[in-house]
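In this note's numbering, the protein residues as written are 1288 to 1699.
Shown next as structure tokens:
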């Protein structure tokens, strides 16, 4: 439904996983006509499957549905983009110039992919051996490049966190390595994982088995390597390598530039909140969450504007940005928003839960489930640090219908 209204009781910015989940849940609490969603896109994507699209396991069209079929019936769809938010005036200005006021606001705008922060990348993604599973069209091109790889240097990059689905950069690498084996080119190939950070995964319980996977697959791990430039025609990737040295008992840090030739380069860009959040009074201005939405990590209520809540990747909370995190945040935000509408204090708290099905090969998944401070939060009574076929089935076959029919309809 197209919206001509200029005021809503509950206005939601973004119709991704978080925005649609909240709209579906709030529709049960208040009249759907009092709910509006600002969203410019024509389609909604189930992005967790893009890794499998990139490996040629799943067709990209299975990840896509019309936005009109996903936004709950009766909820007004304002097909526009956010230009700015004036939280003091309870007003959102769209890029079209349209102004919308609200009583309560839910910021569910996700994050943006900062491709422009990698010099020389613009215009070269999808050709000259450069690919990425982080965009719909490029995921299929990634599958084509991996399948046609004839050997040489294959580099898979991991930017500084936070990013969405921090396990995906290595998932596609493990699948690609397996494809190289199947196609008979692995013996004449080198597979590199260039990681901006110092560890392969942020939760030690899962980092240990992943190190064993990398060792088994003979993957060269290059820590403290941040991709900063691409010379596409020369097939060169330029990294900033952070080097720590101890001088007179004091650790000193220096940065050196490193060039590597590649035949295949899988790029994961840096990520950040959209400017209308990061450069506004909605965001943290200091600390580890600088630039992200300034919400309480438990209630997900804005710390300064109590009629504003956040959900999903835009939130400045120390969790892992995944769809599973949003699934756990949605009931918290919906309940706390209902509480505030009714004049009560928020009653629910989000515990930082996130889940990352770490694909280590076709038919093999380590299901990493954890909360704040890396606390392990397994859903199944088994050792979740092991590779399991059952978790592959969960990832590939069970989670997608649960997403479309459960999470997107407010049932789970």
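All residues carry an ideal CB built from backbone N, CA and C; glycine is no exception.
What you are looking at is a predicted structure, and each value in this text was computed from that prediction instead of being measured.
Under three-state DSSP, which class holds residue 1296? Start at 1 with the first residue of the chain shown, and residue 1296 comes out as number 9. The answer is strand: DSSP assigns residue 1296 an E or B state.
Could you tell me which whole alpha helix (DSSP H) segments of length 4 or greater appear in the region 1490-1557? 1491-1503
Worksheet item: Can you tell me the Cα-Cα spacing of residue 1321 and residue 1295, whole angstroms?
Response: Reading the chain shown from its first residue, position 34 is the one you call residue 1321. Reading the chain shown from its first residue, position 8 is the one you call residue 1295. The straight-line gap from Cα to Cα measures roughly 5 Å.
* Between residue 1516 and residue 1407, is the Cβ-Cβ spacing less than 8 Å? -> Walking along the chain shown from the start, residue 1516 turns up at place 229. Walking along the chain shown from the start, residue 1407 turns up at place 120. Result yes, Cβ atoms of residue 1516 and residue 1407 sit closer than 8 Å.
- Is it true that the CB of residue 1548 sits closer than 8 Å to the CB of residue 1415? Taking the chain shown and counting its residues from 1, the one referred to as residue 1415 is at position 128. Taking the chain shown and counting its residues from 1, the one referred to as residue 1548 is at position 261. No; because the gap between Cβ atoms is not below 8 Å, this pair is not in contact.
**Report entry** Buried or exposed by the 16-neighbour rule on C-beta atoms within 10 Å, applied to residue 1299
**Finding:** Mapped onto the chain shown, residue 1299 falls at position 12. With 16 or more other Cβ atoms within 10 Å, it is buried.
message = Can you tell me whether residue 1388 is helix, strand or coil according to DSSP?
response = Looking up residue 1388 in the chain shown gives position 101. DSSP places residue 1388 in strand when its eight states are reduced to three.
- Task: Could you pull out every residue in the same chain whose Cβ sits closer than 7 Å to the Cβ of residue 1638, ignoring the five residues on either side in sequence?
- Result: Sequence index remark: in the chain shown, residue 1638 carries index 351 (1-based). The residues are 1658, 1659.
Less than 6 Å between C-beta atoms, sequence neighbours within five positions excluded: which residues of the same chain meet that for residue 1329? Counting from 1 along the chain shown, the entry for residue 1329 is found at position 42. The residues are 1354.
Residue 1310 lies in the alpha helix (DSSP H); which residues open and close that run?
One-based indexing of the chain shown puts residue 1310 at position 23. Where residue 1310 is concerned, the enclosing alpha helix (DSSP H) stretches over 1304-1313.
I think residue 1316 touches residue 1625, with their Cβ atoms under 8 Å apart; what is that distance to the nearest whole Å? Stepping through the chain shown from its first residue, residue 1316 is reached at position 29. Stepping through the chain shown from its first residue, residue 1625 is reached at position 338. Right, the Cβ-Cβ distance comes to about 5 Å (below 8 Å), so this counts as a contact.
**Prompt:** With burial defined as no fewer than 16 other Cβ atoms inside 10 Å of the residue's Cβ, what is the status of residue 1680: buried or exposed?
**Reply:** The residue you call residue 1680 lines up with position 393 of the chain shown. Residue 1680 is exposed by the Cβ-count criterion.
Buried versus exposed call for residue 1541 [16 or more other C-beta atoms within 10 Å across all chains shown]:
Residue 1541 sits at position 254 when you count from the first residue of the chain shown. It is exposed - the Cβ of residue 1541 has fewer than 16 other Cβ atoms within 10 Å.
Let me confirm a value: residue 1289 is counted as buried when at least 16 other C-beta atoms fall within 10 Å, else exposed. Which label applies?
Numbered from its first residue, the chain shown carries residue 1289 at position 2. Unreliable placement is indicated for residue 1289, whose pLDDT of 45 sits below 50; no coordinate value is reported for it.
From residue 1271 to residue 1533, what distance separates their C-alpha atoms? Because residue 1271 is not part of the residues shown, which for the chain are 1288 to 1699, the question remains open.
* To do: Return helix, strand or coil for residue 1596, following the three-state DSSP convention.
  => Along the chain shown, read from residue 1 onward, the residue named residue 1596 stands at position 309. Of the three classes helix, strand and coil, the one that applies to residue 1596 here is strand, per DSSP.
| Selection from 1551, 1501, 1507 that minimises the alpha carbon distance to residue 1524 | Position 237 of the chain shown, counted from the start, is the residue given in the question as residue 1524. The residue with the shortest Cα to Cα distance from residue 1524 is 1551.
Quick one: any contact between the region 1390-1397 and the region 1303-1312, if contact means 3 or more CB pairs under 8 Å? yes
I'd like to know if the region 1617-1636 and the region 1453-1472 are in contact, where contact means that at least 3 CB-CB pairs between them fall below 8 Å. no
Tell me whether residue 1451 is buried or exposed, calling it buried when 16 or more other Cβ atoms sit within 10 Å of its Cβ. In the chain shown, the residue the question calls residue 1451 occupies position 164. It is buried - the Cβ of residue 1451 has at least 16 other Cβ atoms within 10 Å.
When 1480, 1487, 1445, 1435 are compared against residue 1466, the one with the closest alpha-carbon:
Residue numbering aside, residue 1466 sits at position 179 when the chain shown is read from its first letter. Checking every option, the nearest Cα to that of residue 1466 belongs to 1435.
- Note the first and the last residue of the continuous alpha helix (DSSP H) segment covering residue 1428. Locating residue 1428 in the chain shown gives position 141, where the first residue counts as 1. That run of the alpha helix (DSSP H) goes 1423-1434.
Does the region 1346-1353 come close enough to the region 1416-1431 that 3 or more CB-CB pairs lie under 8 Å? yes
Supposed contact pair residue 1409 and residue 1293 - C-beta distance, whole angstroms, cut 8 Å: Taking the first residue of the chain shown as 1, we reach residue 1293 at position 6. Taking the first residue of the chain shown as 1, we reach residue 1409 at position 122. With 8 Å as the limit, residue 1293 and residue 1409 do not qualify as a contact, their Cβ atoms being about 37 Å apart.
Buried or exposed for residue 1676, going by 16 or more other Cβ atoms inside 10 Å?
The sequence position of residue 1676 within the chain shown is 389, counting from 1. By the 10 Å Cβ count, residue 1676 comes out exposed.
*Determine the direct distance from the alpha carbon of residue 1691 to that of residue 1463, and round the result to whole angstroms.*
For the purposes of this step, residue 1463 is taken as residue 176 along the chain shown, with counting starting at 1. For the purposes of this step, residue 1691 is taken as residue 404 along the chain shown, with counting starting at 1. Roughly 28 Å separates the two Cα atoms.
Would you mind reading off the limits of the alpha helix (DSSP H) that contains residue 1616? Locating residue 1616 in the chain shown gives position 329, counting from the first residue. First-last of the alpha helix (DSSP H) with residue 1616: 1610-1628.
Own chain partners of residue 1584 with C-beta closer than 6 Å, once the 5 adjacent residues on each side are dropped: As a first step, residue 1584 is located in the chain shown; it is residue number 297 there, counting from the start. For residue 1584, where only same-chain residues beyond five positions count, the Cβ hits under 6 Å are 1604.
Mind checking which residues open and close the alpha helix (DSSP H) that includes residue 1459? Residue mapping note: residue 1459 aligns to position 172 of the chain shown, counting from 1. Looking at the DSSP string, the run of the alpha helix (DSSP H) that includes residue 1459 is 1455-1469.
Practice item. Identify, in the order they occur along the chain, each residue of the same chain with its Cβ nearer than 6 Å to the Cβ of residue 1390, setting aside the five sequence neighbours on each side. Key: Locating residue 1390 in the chain shown gives position 103, where the first residue counts as 1. Around residue 1390: 1296.
Review point. Does DSSP classify residue 1345 as helix, strand or coil?
Key: The residue labelled residue 1345 in the question sits at position 58 within the chain shown. In this structure, residue 1345 counts as coil in the three-state DSSP scheme.
| said: Using the Cβ count rule (16 or more neighbours within 10 Å means buried), how would you classify residue 1556? | reply: Here the question's residue 1556 lines up with position 269 in the chain shown. Answer is buried; the Cβ neighbour count reaches 16.
Return the Cβ separation of residue 1399 and residue 1388 in integer angstroms, given the expectation that the two are a contact with Cβ distance under 8 Å. Along the chain shown, one-based indexing puts residue 1399 at 112. Along the chain shown, one-based indexing puts residue 1388 at 101. That belief does not hold up - the Cβ atoms of residue 1399 and residue 1388 are roughly 25 Å apart, past 8 Å.
*Whose C-alpha, out of 1545, 1695, 1498, is nearest the C-alpha of residue 1529?*
As a first step, residue 1529 is located in the chain shown; it is residue number 242 there, counting from the start. Residue 1529 has its Cα closest to that of 1545, out of 1545, 1695, 1498.
If I measure Cβ to Cβ from residue 1613 and keep anything under 7 Å in the same chain, skipping five residues before and after, which residues do I get?
Taking the first residue of the chain shown as 1, we reach residue 1613 at position 326. These residues qualify, in order along the chain: 1304, 1305, 1308, 1598, 1599.
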